[in-house]
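> Before I ask anything, let me first share the structure, which is written out below as structure tokens.
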Amino acid sequence: MNISLTPELEQLVKDKVNSGKYHSVSEVMGEALRLLEERDACGGLCQRIREQRLAELKAKIQEGIEASERGEVVDGEEVFAEIEEDIRRAEAQMQEAEAAKSRFKASYRFASSGCLLR
Numbered sequence: 001m002n003i004s005l006t007p008e009l010e011q012l013v014k015d016k017v018n019s020g021k022y023h024s025v026s027e028v029m030g031e032a033l034r035l036l037e038e039r040d041a042c043g044g045l046c047q048r049i050r051e052q053r054l055a056e057l058k059a060k061i062q063e064g065i066e067a068s069e070r071g072e073v074v075d076g077e078e079v080f081a082e083i084e085e086d087i088r089r090a091e092a093q094m095q096e097a098e099a100a101k102s103r104f105k106a107s108y109r110f111a112s113s114g115c116l117l118r
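Numbering (the numbering used here), first residue to last: 1 to 118.
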């Protein structure tokens, strides 16, 4: 079977093969047809889900715009500083837990060796 592609689609197929994700033009075309079949099988449901998600996103964007217009905003730098501090705290807790675990293992090995202090 021979098919004709626009230069743009032909380049897309070549790019997919050159990326290493696909080993051949046939593999790219097979995946494209599988996705087309999958899309057709779900009918309008997939399209309705996409449209619903887009509507929800637009509503959230509008909500943010309106909050901003009312002055109900949070400084982005402040938010990122809080997130970074939360990460530092969590990392410190993880390091302390690892240290406690190591101390426990060391004391267990010591006690298991029969060298108990009285």
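Ideal placement from N, C-alpha and C gives every residue a C-beta, glycine not left out.
#1: On the CB-based measure, 16 or more other CB atoms within 10 Å of its CB, does V73 come out buried or exposed?
#2: So, with DSSP's three-state summary, where would you put R118?
#3: With 16 other CB atoms within 10 Å as the buried threshold, where does V79 fall?
#4: Could you check the C-alpha separation between M1 and E56 for me, to the nearest Å?
#5: Would you say the segment 43-61 touches the segment 14-34, given that touching needs at least three Cβ pairs under 8 Å?
#6: What's the gap between the Cα of E51 and the Cα of I65?
#7: Please report the residue range of the alpha helix (DSSP H) in which M29 lies.
#8: Take S24 and list the residues in its own chain whose beta-carbon comes closer than 8 Å to its own, dropping the five residues that flank it on each side.
#9: With DSSP run on the structure shown, which of helix, strand or coil describes N2?
Well, looking at it:
#1: By 1-based counting over the sequence shown, the position of residue 73 is 73. Result: exposed.
#2: Reading the sequence shown from its first residue, position 118 is the one you call residue 118. Residue confidence for R118 is low, a pLDDT of 46 falling below 50, so the modelled location carries little weight and cannot support an answer.
#3: For the purposes of this step, residue 79 is identified with residue 79 of the sequence shown, where counting begins at 1. Flag for V79 reads exposed.
#4: Numbered from its first residue, the sequence shown carries residue 1 at position 1. Numbered from its first residue, the sequence shown carries residue 56 at position 56. Going from the Cα of M1 to the Cα of E56 covers about 44 Å.
#5: no
#6: Looking up residue 51 in the sequence shown gives position 51. Looking up residue 65 in the sequence shown gives position 65. Taking the straight line from one Cα to the other gives about 21 Å.
#7: Residue mapping note: residue 29 aligns to position 29 of the sequence shown, counting from 1. First-last of the alpha helix (DSSP H) with M29: V25 to A41.
#8: By 1-based counting over the sequence shown, the position of residue 24 is 24. Correct list, in chain order: V17.
#9: In the sequence shown, counting from the first residue as 1, residue 2 sits at position 2. If DSSP states are grouped into helix, strand and coil, N2 belongs with coil.
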